[in-house]
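Data block below; observations after.
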Amino acid sequence: MRVTGDYRSDKIGAKIREAQLDKIPYMLVVGDKEQSAGTVAVRSRTEGDHGAKPIAEFVEMIEREVKERKLAGVI
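So the sequence shown is numbered by the numbering used here: it starts at 27 and just counts up by one.
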């Protein structure tokens, strides 16, 4: 699994669009609100917006998908 951060000052909508064009399976947004709540805003390329999830819940979801090899079909 590969993770990269996008710290450019571009608008969030432009970053999301670029990630969709690059076929990134999951995009996570961590702003001030998410940071203080201990959550991440999750967006899937195939399923769209998942809303805010606790970090541990997202990690469990990804671990399950890796184990079941679900991510292989996404890329």
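Yeah, the Cβ is synthetic: ideal placement off N, Cα and C, and Gly gets one too.
- Put simply, the backbone Cα of residue 49 is about 7 Å away from that of residue 71.
- Residue 48 sits in coil when the DSSP states are folded into three classes, being neither helix nor strand.
- Residue pairing from DSSP places residue 65 in a beta bridge opposite 80.
- Straight across, the Cα-Cα distance linking residue 41 with residue 67 is about 14 Å.
- Residue 57 sits in coil when the DSSP states are folded into three classes, being neither helix nor strand.
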